[in-house]
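Undergrad:
Numbering (our numbering), first residue to last: 4 to 135.
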């Protein structure tokens, strides 16, 4: 069975979801501060992506197969993070959330998980339930 590629319903759906998300988040531009939050702003940064940067820096010695390293380098070219990072954004950019906080402050928390599991992480849950 073909897992990824053309005409596979699962991979086609995954690709389409990714494509729409990329268009929504990276094809449009808004003026800064088009909305300011009047409530506390908490930013949860899923940091596993930055671990991939460290592995890629070590290359084959770090356990990254050549194919994965080639894919990593391609991704680095299209994201807005620092050079040689596959993260969508540079870690320093998360601090910019304070610009959209009415208080001028944003609580940026680095969480050691990937993006999909961040909302379930105990540290995130603790903050969410405390703030609700």
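Beta carbons: idealized from backbone N, C-alpha and C, even for Gly.
As the structure is a prediction and not an experimental result, all values here were calculated from the model.
1. For the beta strand (DSSP E) holding residue 44, just list the boundary residues, first then last.
2. Buried or exposed for residue 59, going by 16 or more other Cβ atoms inside 10 Å?
3. Nearest CA to the CA of residue 98: which residue from 34, 31, 19 and 48?
4. Can you tell me where the alpha helix (DSSP H) holding residue 67 begins and where it ends?
5. Could you pull out every residue in the same chain whose Cβ sits closer than 8 Å to the Cβ of residue 100, ignoring the five residues on either side in sequence?
6. Give the straight-line distance between the Cα atoms of residue 87 and residue 32, rounded to the nearest whole angstrom.
7. Determine the direct distance from the alpha carbon of residue 37 to that of residue 115, and round the result to whole angstroms.
8. With 16 other CB atoms within 10 Å as the buried threshold, where does residue 75 fall?
9. Need the endpoints of the beta strand (DSSP E) that residue 85 sits in, please.
10. Among 83, 25 and 56, whose alpha-carbon lies nearest the alpha-carbon of residue 73?
11. Mark residue 119 as exposed unless 16 or more other C-beta atoms lie within 10 angstroms of its C-beta, in which case mark it buried.
TA: Reading off the structure:
1. 44-49
2. buried
3. 48
4. Note, residue 67: premise wrong, no alpha helix (DSSP H); not H, not E.
5. 44, 46, 109 and 111
6. 25 Å
7. 31 Å
8. buried
9. No beta strand (DSSP E) contains residue 85, which DSSP labels as neither H nor E.
10. 56
11. exposed
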